[in-house]
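> Below is the structure I would like to discuss, written out as structure tokens.
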């Protein structure tokens, strides 16, 4: 045993009441099975005289019977000692005690027990102090359900009532909620995100602290906000986004949504406010990043487009284009990648697009919107209908089903929907005597129009007669 390990072993006192053996927990709550590589890391550290545990979200998810996204390890060993015990390591955040241990192509973060100093930027402590106490390390974590540790030798370490909160389906801060959120303001969004992912309620003191401290989210980077936003909207309960509104989070990071929540829709086709319609539409579509974001943004332009007719009925003409502009602005502000931003913005622009119920109408719509994105309009329109009032719902769904069937027939017939499917190319036109230049592209577009009108025209022989 090293001198460092001996000192830790002699000085570290963790009350046995913190440890819950497998026998002390009902089978329902004890689903933890450490992966072989995680066991290897823990065993290696323990055999060298150190404490080591799987910690945080991986423990929580295992108890809930969910597959953890990743596995983190906490240890009494200092970073230099961790590095000495493993052949390949990466200094991921060594100043904060974190070393990534590489086993094959997989990396596992191993972090030394630590106590965080004063926070100066709503995210980073000015300094961290390594400690021999697991309890002190767990004390600095955000929520009780994330402040549990486990290894095969000792069982579960639950110092702050994480198991009880899992049983009660409750999100509760470790210690004082205001202190935790002052340390890292993003934890407020994480609370809402965990509520959405797990279907848990946020404990009252924790929720009250969010309402008080939400303005401090202005100090958090756009990239971190975006990450939490995406996790929230792609969760099993995207309607929990409502909590972000109720606690004042969206007023800071996404005020466009607040305007939608306050906008009624006095119209036969609607029964919710614009914001509530958005929340219900997100519930009605698959948990895909692009699809959920489209539903989040699709009607945000309505508050800017509202008119009221002589009968007191609301109308929102042109809202799709305004919504697309808002989506682009918000996604740029939150530093979304261009691919996601472009797809979402285009689908928001076309979400209300009228497709003529004919094969020609479907072909033209698919060409206009693009063959990659066009099929996504069907689930988008279906989700939009599901979040409406029910007025003429059967007729709307029947028309949508018919359009889907037409599109499927077009695909099966391999009909031309874009220039890449056209039977002639620019080279064919040049070989036929046309001069290279802009006219080539214009002629190809004209020929495509002929084929969209009548797909049987898509032969090289016919098309060359039209130049």
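Numbering (my numbering), first residue to last: 3 to 469. Every residue, glycine too, gets a C-beta built ideally from N, C-alpha and C.
Quick one, which of 142, 214, 74 and 202 has its alpha-carbon nearest residue 152's?
Position 150 of the chain shown, counting from 1, holds the residue named residue 152. The shortest C-alpha separation from residue 152 is found at 74.
> Please name the residue in 202, 346, 324 and 145 whose C-alpha comes closest to that of residue 170.
For the purposes of this step, residue 170 is taken as residue 168 along the chain shown, with counting starting at 1. Closest by alpha carbon: 202.
> Can you tell me whether residue 300 is buried or exposed, with buried defined as 16 or more other CB within 10 angstroms of its CB?
Along the chain shown, one-based indexing puts residue 300 at 298. Residue 300 is buried by the Cβ-count criterion.
> For residue 63, which residues of its own chain have a beta-carbon under 6 Å away from its beta-carbon, when the five flanking residues on both sides are left out?
Indexing the chain shown from 1 puts residue 63 at position 61. If we look at residue 63 and ignore the five residues flanking it on each side, its Cβ neighbours are 70.
> Taking residue 456 as the reference, give the member of 293, 360, 377 and 189 with the closest Cα.
Here residue 456 refers to the residue found at position 454 when the chain shown is read from its first residue. Nearest of 293, 360, 377 and 189 to residue 456, Cα basis: 360.
> Residue range of the beta strand (DSSP E) that residue 117 falls in?
On the chain shown, position 115 is the one that residue 117 refers to. Looking at the DSSP string, the run of the beta strand (DSSP E) that includes residue 117 is 116 to 118.
> From what residue to what residue does the alpha helix (DSSP H) around residue 150 run?
For the purposes of this step, residue 150 is taken as the residue at position 148 of the chain shown. Here residue 150 belongs to no alpha helix (DSSP H); instead the beta strand (DSSP E) covers 150 to 153.
> Using C-beta distances below 8 Å, list every residue in its chain close to residue 452, excluding the 5 sequence neighbours before and after it, in chain order.
One-based indexing of the chain shown puts residue 452 at position 450. The residues are 459, 465 and 468.
> Among the candidates 257, 65 and 175, whose CA atom is the shortest distance from the CA of residue 140?
Here residue 140 refers to the residue found at position 138 of the chain shown. The option with the nearest alpha carbon to residue 140 is 175.
> Suppose you measure from the CA of residue 366 to the CA of residue 399; what does that come to, to the nearest Å?
For the purposes of this step, residue 366 is identified with residue 364 of the chain shown, where counting begins at 1. For the purposes of this step, residue 399 is identified with residue 397 of the chain shown, where counting begins at 1. Whole-angstrom Cα-Cα distance: 21 Å.
> With C-beta atoms as the reference, is residue 343 less than 9 Å away from residue 330?
Within the chain shown, residue 343 is the residue found at index 341, counting from 1. Within the chain shown, residue 330 is the residue found at index 328, counting from 1. Yes. Within cutoff.
> Taking 9 Å as the cut-off, decide whether the C-beta atoms of residue 350 and residue 326 are in contact.
What you label residue 350 is simply residue 348 of the chain shown in a count that begins at 1. What you label residue 326 is simply residue 324 of the chain shown in a count that begins at 1. Yes, the Cβ-Cβ distance between residue 350 and residue 326 is below 9 Å.
> Which residues in the same chain have their Cβ closer than 7 Å to the Cβ of residue 228, if we skip the five residues on either side of it in sequence?
On the chain shown, position 226 is the one that residue 228 refers to. Cβ within range, chain order: 336, 337 and 338.
> What is the DSSP secondary structure of residue 374, counted as helix, strand or coil?
Along the chain shown, one-based indexing puts residue 374 at 372. Residue 374: coil per DSSP, three-state reduction.
> So for residue 45, helix, strand or coil by DSSP?
What you label residue 45 is simply residue 43 of the chain shown in a count that begins at 1. Helix at residue 45.
> Can you list, in chain order, the stretches of the alpha helix (DSSP H) that have 4 or more residues and sit fully within the region 175 to 232?
Counting whole runs of 4 or more residues, the region 175 to 232 contains the alpha helix (DSSP H) stretches 179 to 185, 188 to 200 and 206 to 215.
> Check for me: the beta strand (DSSP E) holding residue 160 runs from which residue to which?
One-based indexing of the chain shown puts residue 160 at position 158. Residues 157 to 160.
> Keeping to the same chain, check which residues put their C-beta closer than 6 Å to that of residue 26; ignore five residues upstream and five downstream.
Counted from its first residue, the chain shown places residue 26 at position 24. A caution first: residue 26 carries a pLDDT of 43, below 50, which makes its placement in the model too unreliable to give a value.
> Ordered along the chain, which non-local residues of its own chain (more than five positions away) have a Cβ less than 8 Å from that of residue 254?
Counting from one through the chain shown, the residue named residue 254 turns up at place 252. Correct list, in chain order: 216, 217, 219 and 220.
> Quick one: residues in its chain with C-beta nearer than 6 Å to the C-beta of residue 505, no 5 flanking neighbours on either side, listed in chain order?
Past the edges of the chain, shown from 3 to 469, lies residue 505, and the structure says nothing about it.
> Considering Cα atoms alone, identify which of 302, 369 and 311 is closest to residue 323.
Position 321 of the chain shown, counted from the start, is the residue given in the question as residue 323. Checked all of 302, 369 and 311; the closest Cα to residue 323 is 302.
> Once DSSP output is grouped into helix, strand and coil, what is the label at residue 76?
The residue given as residue 76 occupies position 74 in the chain shown. Strand.
> Could you work out which residue in 173, 154 and 157 is closest to residue 2 when comparing CA atoms only?
Look at the range of the chain in this structure, 3 to 469, and you will see that residue 2 is not part of it.
> Go ahead and label residue 118 buried or exposed: buried means 16 or more other beta carbons lie within 10 angstroms of its beta carbon, across all protein chains shown.
By 1-based counting over the chain shown, the position of residue 118 is 116. Under this definition residue 118 is a buried residue.
> Check this for me: beta carbons of residue 115 and residue 53, under 9 Å apart or not?
Residue 115 sits at position 113 when you count from the first residue of the chain shown. Residue 53 sits at position 51 when you count from the first residue of the chain shown. Yes, the pair counts as a contact, with Cβ atoms nearer than the cut-off.
> Three or more C-beta pairs under 8 Å: does that hold for the region 230 to 239 against the region 266 to 279?
With the cut-off at 8 Å, the region 230 to 239 and the region 266 to 279 do not touch.
> Can the beta-carbon of residue 48 be found less than 9 Å from the beta-carbon of residue 137?
For the purposes of this step, residue 48 is taken as the residue at position 46 of the chain shown. For the purposes of this step, residue 137 is taken as the residue at position 135 of the chain shown. No, Cβ-Cβ distance for residue 48 and residue 137 is not below 9 Å.
> Is the beta carbon of residue 191 closer than 9 Å to that of residue 57?
Mapped onto the chain shown, residue 57 falls at position 55. Mapped onto the chain shown, residue 191 falls at position 189. It is not a contact, given that the beta carbons lie outside the stated cut-off.
> Hey, how far is the Cα of residue 207 from the Cα of residue 179?
One-based indexing of the chain shown puts residue 207 at position 205. One-based indexing of the chain shown puts residue 179 at position 177. Taking the straight line from one Cα to the other gives about 7 Å.
> Excluding five sequence neighbours on each side, which residues of the same chain lie with their C-beta closer than 6 Å to the C-beta of residue 198?
The sequence position of residue 198 within the chain shown is 196, counting from 1. Cβ neighbours of residue 198 beyond the five flanking positions: 234, 237, 239 and 242.
> What are the boundary residues of the beta strand (DSSP E) that includes residue 167?
Within the chain shown, residue 167 is the residue found at index 165, counting from 1. Here residue 167 belongs to no beta strand (DSSP E); instead the alpha helix (DSSP H) covers 164 to 169.
> Let me know the secondary structure DSSP gives residue 339 once reduced to three states.
What you label residue 339 is simply residue 337 of the chain shown in a count that begins at 1. If DSSP states are grouped into helix, strand and coil, residue 339 belongs with coil.
> Pull the bridge partners of residue 105 from the DSSP assignment, please.
On the chain shown, residue 105 is found 103 positions in, with the first residue counted as 1. According to DSSP, which records beta bridges pairwise, residue 105 is partnered with 108.
> For residue 143, which residues in the same chain have their Cβ closer than 8 Å to its Cβ, ignoring the five residues on either side in sequence?
What you label residue 143 is simply residue 141 of the chain shown in a count that begins at 1. For residue 143, where only same-chain residues beyond five positions count, the Cβ hits under 8 Å are 58, 149 and 176.
> Could you tell me whether the Cβ atoms of residue 168 and residue 245 are closer together than 9 Å?
Within the chain shown, numbered from 1, the residue matching residue 168 stands at position 166. Within the chain shown, numbered from 1, the residue matching residue 245 stands at position 243. Their beta carbons are not under 9 Å apart, which means residue 168 does not touch residue 245 by this criterion.
> Going by DSSP in three states, residue 393 sits in which element: helix, strand or coil?
Taking the first residue of the chain shown as position 1, residue 393 is located at position 391. Looking at residue 393 - three-state DSSP - the assignment turns out to be coil, as it is neither helix nor strand.
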